[in-house]
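Written below as structure tokens is the structure these notes are about.
Number of protein chains: 2
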Amino acid sequence: MQELQNRILAEGKNLGGGILKVDGLINHQVDPELMDHCGAELAAFFANSGATRILTAEISGIAPALMTAKHMKLPVVYARKTRPVTMPHTVYLTVAPSHTKGNMVELIVSPEYLQSNEKVLIIDDFLASGATIQALVRLAQAAGAEVIGVGTLIEKTFEGGRESLAYLNVPVHALVHISSLDDGKIEFSD
Amino acid sequence: MQELQNRILAEGKNLGGGILKVDGLINHQVDPELMDHCGAELAAFFANSGATRILTAEISGIAPALMTAKHMKLPVVYARKTRPVTMPHTVYLTVAPSHTKGNMVELIVSPEYLQSNEKVLIIDDFLASGATIQALVRLAQAAGAEVIGVGTLIEKTFEGGRESLAYLNVPVHALVHISSLDDGKIEFSD
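Residue numbers (this note's numbering), protein chains in the order written: chain X, 180 to 369; chain Y, 180 to 369.
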């Protein structure tokens with residue numbers, strides 16, 4: 180998706196250590212028009228997937244998942260990292276490594292909003308190692324639901340996330356692919 | 180806003196102790212079409228406010244703020260509760276009481292995305308005691324920016340939030356007003 184790639188080139192920052200800062204577009208400040216276009220692109224790719232529900236993880240997944248859900252006219256569920264008082268006592272819970280904190284975080288979904296008859300499309304901002312997305316897959320599987328695809332804004336192809344999801348045998352689609360963040364550069368591939 | 184009121188009546192749950200559960204619409208599962216309509220309503224109300232930027236707090240503020248931002252064609256910034264590695268070393272930080280955890284949480288905004296020339300519209304899901312919104316006001320003021328309005332999906336009029344914001348002397352608009360959660364009922368006022 181050329182629009183997103185252009186914006187990352189213009190406004191993204193390679194902080195070194197494999198970290199791409201896109202806080203001005205996605206992770207702290209959000210450009211709603213860009214996010215709407217990204218949602219439309221992901222929705223178009225998965226238009227015939229049979230998805231009945233979109234699943235993401237708070238926090239940075241919410242914006243892309245919501246915009247994709249709007250274009251697909253599907254409900255979106257965001258896995259919570261803390262169990263709010265409004266949740267039932269029995270929930271689906273798994274853990275995933277935190278990018279920012281270096282420890283494990285919990286991801287929690289209420290059985291009220293993820294059921295065994297669902298076909299789940301997972302949407303997130305980044306596909307890097309795939310660990311967060313694998314955690315979302317486990318939550319869907321715990322509910323007996325079927326994961327039918329994975330869509331993200333940005334894939335870092337050098338972190339192996341796509342390979343880690345091969346066992347799912349479902350379409351994995353990213354709007355832009357970053358093949359290298361070496362030497363301070365941001366290199367894209369098709 | 181009759182659509183939101185109808186949905187809260189049909190799908191919301193009064194959990195007692197002043198807690199309204201809207202996890203099926205807003206706080207865990209989101210109906211993107213409903214949220215889009217809510218964003219359009221808030222955008223219409225603040226159309227002539229002169230806002231240059233929308234400010235909200237992660238997590239539940241993101242969806243209504245993003246949809247409002249889309250209709251107003253403005254950037255949206257969500258205050259983070261933990262400082263990610265991508266943020267600069269010097270940030271604006273304040274604390275606010277947590278509804279779900281009973282302790283204080285930090286709210287953090289990067290100076291990159293909130294500057295002194297901005298006219299800030301604060302959007303959140305709930306106006307209850309007003310404590311979270313007051314924290315967002317402090318962040319805007321720390322940046323030297325001007326708060327020009329506050330919009331929320333739901334106001335619990337019995338928790339005093341509106342009165343706590345009177346010192347701002349700006350429009351405070353909620354799409355629905357809940358006047359009582361006593362006796363297991365959900366009562367609305369105009």
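We put the beta carbon where it would ideally sit given N, CA and C, even for glycine.
Whole angstroms is fine: what's the gap from residue i's alpha carbon to residue j's?
i: residue 180 of chain Y; j: residue 305 of chain X; result: 36 Å
i: residue 211 of chain X; j: residue 271 of chain X; result: 31 Å
i: residue 362 of chain Y; j: residue 341 of chain Y; result: 23 Å
i: residue 195 of chain X; j: residue 365 of chain X; result: 10 Å
i: residue 338 of chain Y; j: residue 344 of chain Y; result: 12 Å
i: residue 264 of chain X; j: residue 189 of chain X; result: 42 Å
i: residue 186 of chain X; j: residue 308 of chain X; result: 23 Å
i: residue 352 of chain X; j: residue 281 of chain X; result: 27 Å
i: residue 324 of chain Y; j: residue 267 of chain X; result: 41 Å
i: residue 296 of chain X; j: residue 228 of chain Y; result: 46 Å
i: residue 218 of chain X; j: residue 213 of chain Y; result: 17 Å
i: residue 182 of chain X; j: residue 242 of chain Y; result: 23 Å
i: residue 348 of chain X; j: residue 348 of chain Y; result: 57 Å
How about residue i and residue j: do their beta carbons lie closer than 8 Å?
i: residue 332 of chain X; j: residue 238 of chain X; result: no
i: residue 255 of chain Y; j: residue 287 of chain Y; result: no
i: residue 294 of chain X; j: residue 248 of chain X; result: no
i: residue 207 of chain X; j: residue 292 of chain Y; result: yes
i: residue 285 of chain X; j: residue 260 of chain X; result: yes
Leaving out the 5 sequence neighbours to the left and right, which residues in its chain are closer than 7 Å to residue i when beta-carbon positions are compared?
i: residue 276 of chain X; result: 283 and 310
i: residue 360 of chain Y; result: 193, 197 and 199
i: residue 367 of chain Y; result: 184, 355, 356, 357 and 358
i: residue 215 of chain X; result: 246
i: residue 201 of chain X; result: 187 and 191
i: residue 289 of chain Y; result: 266, 267 and 270
Considering only C-alpha positions, which residue in the set the options is nearest to residue i?
i: residue 316 of chain X; options: X:289, X:225, X:269 and X:273; result: X:273
i: residue 225 of chain Y; options: Y:215, Y:350 and Y:296; result: Y:350
i: residue 336 of chain Y; options: Y:231, Y:201, Y:347 and Y:369; result: Y:369
i: residue 240 of chain Y; options: Y:227, Y:209 and Y:182; result: Y:209
i: residue 258 of chain Y; options: X:262, X:334, X:203 and X:257; result: X:203
Within a Cβ cutoff of 8 Å, which residues of the same chain sit near residue i, ignoring the five residues on either side of it in sequence?
i: residue 301 of chain Y; result: 233, 234, 235, 312, 315, 316, 319, 326, 328, 329 and 330
i: residue 230 of chain Y; result: 251, 253, 298, 299, 300, 327 and 328
Between residue i and the rest of its own chain, which residues show a CB-CB distance below 6 Å, the 5 nearest in sequence each way excluded?
i: residue 244 of chain Y; result: 233, 235, 255 and 302
i: residue 269 of chain X; result: none
i: residue 222 of chain X; result: 247, 250 and 251
i: residue 262 of chain Y; result: 287
i: residue 334 of chain Y; result: 306, 353 and 356
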